[in-house]
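Here's the structure we're looking at; comments come further down.
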Amino acid sequence: PPERLTFMLEDSAASVLLTQQHLRASLPALSTRVLPLDEVVAQRAPLPVHAVGAETEAVAPRAPLPVQTVGADDLAYVIYTSGSTGRPKGVAVHHRGLMNLVAWHQRTYALAPSDRTALTAGVAFDASTWEVWPSLASGASLVVPPDAVRAEPAQLLRWLATEAITTCFMPTPLAEAVLREEWPKPMALRALLTGGDALHHGPPASVPATLFNHYGPTESTVVATFTPVAATARDDGTRPPIGRPIANTRTYVLDAHLNPVPVGVPGELFLASEGLAWGYLGQPALSAERFIPHPFASTPGARLYRTGDVVRWRADGQLDYLQRLDFQVKVRGFRIELGEIEASLLAHASVHEAVVLAREDVPGDKRLVAYLIPASGQQVDTTVLRAFLKERLPEYMVPSAFLVLEALPLNANGKLDRKALPAPDASPLADFVAPRNPTEEKLAEVFALVLRREQVSIHDDFFALGGHSLLATQLVSRV
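Start counting the sequence shown at 1; every next residue gets the next number (this note's numbering).
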């Protein structure tokens, strides 16, 4: 949304915005210099192309571009994540952290110039830096899938086979959907990488590629731990571990007093790594809260990052992910502070109180649900409220369901009882109206299949029934 774009550009003090001509109309009024790349390319004379050989005509070299010296501890990028105060927070990542990720990835997955890597993550997701730089730094090809196939499992698999992709990252929900599909043959894919959400089960034995599960916050340059995941004949409810640390990374499981906990005992995960970010741009207090002095290090200035994730050691030395300590959640790979959504809801005049949960009433289908108390004398129009949020928040942070309550449930201590908040009604939003012709019958079947519902009325709203961008792509493909 324009409001969010404006904040990020001003907060980061970006001097140039790279874009394309067709996007200019959707940009907010900016003091930043705007550089449409397609316009620059059209105006620039093409580079001379010549045959290679003894008779090649000599060509005067182009004037070299100015190069600024960049060191390992200089800033590589700032990427924004959801903030509990209602404002996004910019994570400042240095070149040392990015280079550590690149070098580890190249060694672990034996990348070579013959490899072909798919770029499936959106550029607003820090996993995209993980896809781009190890591949290009290895001389491998980076192949961008068309938008029409990026999030549609069956089409994506066919594209991977046709393009002879050898390594590919997919956010956890998409990877789990792909693993449920029948894989085409032959398939060059040897490593399917996933992360961003809790993985529910291993791959079926029929999948030819090795599945690797990864864990890592943005503050530790994308990846902190990883593990190969063994094939499973059936889903027994046991989630795969998040593995062991990557290179130059140490993991600590500590209690509330920063003491290490034994094997099998839950504790908060702390990270020490070459990949730890500078901190949060322009927010020293928040940086000091999350990046604390390392209590077990002898090196002056060493830090630990407090992840807020509850984990436990397994007997084999791997880590099991259990839950979040706070109200930060991950939905479809995106890290979301529920407080930011609640703050945006409370900014609307019709809302007096707001609570947002990430619910998983259907296994593998996590979605955001908002619980609202209307302001005195006001009625909450969820259609208006959804449009209001879309002006302020990215699509993945807009709840898929809104429940208006008379009062929020409280426990015996007078605190909000989140477990007592009701699940969204799975019935259609309007009175059921059956399909009236063969085309509507087919469309209703597709809606019901994608949304995992027994039936869908022809007047039901896809997004109000729990649909989101990933499912919408699958819907359009099937239609």
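Glycine included, every Cβ here is placed at the ideal spot set by N, Cα and C.
If you draw a straight line from the alpha carbon of residue i to that of residue j, how long is it in whole angstroms?
i: Val34; j: Arg392; result: 22 Å
i: Ala58; j: Pro113; result: Note on Ala58: pLDDT 45, under 50, position unreliable in the model; the coordinate value appears next. When rounded, the distance between both Cα atoms is 30 Å.
i: Thr221; j: Ala103; result: 13 Å
i: Leu405; j: Gly122; result: 36 Å
i: Val351; j: His468; result: 24 Å
i: Glu487; j: Ile242; result: For the chain, the structure presents residues 1 to 479; residue 487 sits outside this window and is missing.
i: Leu338; j: Gly301; result: 32 Å
i: Ser477; j: Leu254; result: 46 Å
i: Thr167; j: Val91; result: 27 Å
i: Ile336; j: Gly83; result: 8 Å
i: Thr56; j: Ala110; result: Low local confidence applies: a pLDDT of 40 at Thr56 is under 50, so the model's placement there is unreliable, and no value is given.
i: Gly317; j: Phe463; result: 42 Å
i: Pro36; j: Leu319; result: 45 Å
i: Thr194; j: Ala230; result: 14 Å
i: Thr117; j: Trp133; result: 11 Å
i: Leu192; j: Thr225; result: 16 Å
i: Gly97; j: Tyr215; result: 16 Å
i: Thr299; j: Pro293; result: 10 Å
i: His459; j: Phe270; result: 49 Å
i: Gly282; j: Thr81; result: 14 Å
i: Pro433; j: Glu340; result: The question names Pro, but residue 433 in the sequence shown is Val. Their backbone Cα atoms lie some 37 Å apart in a straight line.
i: Leu345; j: Leu385; result: 8 Å
i: Ala349; j: Tyr371; result: 15 Å
i: Met8; j: Pro438; result: 48 Å
i: Ala285; j: Tyr77; result: 21 Å
i: Glu441; j: Val479; result: 12 Å
i: Ala256; j: Ala420; result: 27 Å
i: Ser206; j: Pro228; result: 16 Å
i: Gln379; j: Ile373; result: 9 Å
Less than 8 Å between the CB atoms is what I'm expecting for residue i and residue j, so what's the real figure, rounded?
i: Leu142; j: Val178; result: Not quite, the Cβ-Cβ distance comes to about 20 Å (not below 8 Å), so this is no contact.
i: Glu342; j: Leu408; result: At roughly 12 Å, the Cβ-Cβ gap does not stay under 8 Å, so Glu342 and Leu408 are not in contact.
i: Glu219; j: Ala277; result: 5 Å
i: Ala127; j: Gly196; result: 7 Å
i: Glu176; j: Ala154; result: Contact doesn't hold; Cβ gap of about 14 Å is too wide.
i: Arg312; j: Val265; result: 6 Å
i: Pro208; j: Met187; result: 5 Å
Leaving out five residues on either side along the sequence, give the residues of the same chain with a beta carbon under 6 Å from the beta carbon of residue i.
i: Leu465; result: Leu451
i: Thr69; result: none
i: Val100; result: The sequence given here has Asn at residue 100, not Val. Cβ within range, chain order: Asn248, Glu274, Gly275.
i: Ala401; result: Val369, Pro424
i: Gln106; result: Pro134, Ser138
i: Ile165; result: Arg116, Ala118, Leu189
Mapping DSSP to helix, strand and coil, what is residue i?
i: His105; result: helix
i: Glu55; result: Caution applies to Glu55, whose pLDDT of 42 falls short of 50 and renders its modelled position unreliable; the model cannot decide the point.
i: Val49; result: With a pLDDT of 48 at Val49, under the threshold of 50, the modelled position of that residue is not reliable, and the figure given next carries that caveat. Here Val49 sits in coil by DSSP.
i: Lys185; result: coil
i: Val78; result: strand
i: Pro262; result: coil
i: Leu136; result: helix
i: Trp278; result: coil
i: Pro374; result: strand
i: Asn248; result: coil
i: Phe463; result: coil
i: Asn100; result: helix
i: Thr210; result: strand
i: Arg4; result: helix
i: Asp365; result: strand
i: Ala434; result: coil
i: Val446; result: helix
i: Pro284; result: helix
i: Val70; result: coil
i: Glu39; result: helix
i: His95; result: helix
i: Ala13; result: coil
i: Thr117; result: strand
i: Glu268; result: strand
i: Ala401; result: strand
i: Arg33; result: strand
Can you find the residues in the same chain that come closer than 8 Å, C-beta to C-beta, to residue i, ignoring five residues on each side of it along the sequence?
i: Ala60; result: Its pLDDT being 49, under 50, Ala60 is placed unreliably in this model, and the value from its coordinates should be taken loosely. Counting only Cβ-Cβ distances below 8 Å, and skipping sequence neighbours, we find nothing.
i: Thr382; result: Phe402, Val404, Ala464
i: Ser26; result: Pro2
i: Leu325; result: Glu268, Gly308, Asp309, Val310
i: Leu5; result: Leu27, Pro28
Who are the Cβ neighbours of residue i in its own chain at under 7 Å, not counting the five residues just before and after it?
i: Val329; result: Ile336, Leu338, Ala358
i: Gly279; result: Ala92, Ser287, Phe291
i: Glu39; result: Gln21
i: Val398; result: Arg386, Leu389, Lys390
i: Leu322; result: Pro266, Val310, Val311, Arg312
Looking at the ligand HEM, does it come within less than 7 Å of residue i, judged from the CB to the closest heavy atom?
i: Pro284; result: Ligands are entirely absent from the displayed structure, and the ligand HEM is therefore not among its contents.
Requested in this report: Within the stretch 156-203, note down every full alpha helix (DSSP H) run reaching 4 residues or more, in order along the chain.
Outcome: 172-179
Query raised in the report: For the stretch 295-361, which segments carrying the beta strand (DSSP E) assignment without a break, of at least 3 residues, lie completely within its bounds, in sequence order?
Result: 303-313, 319-324, 328-331, 334-337
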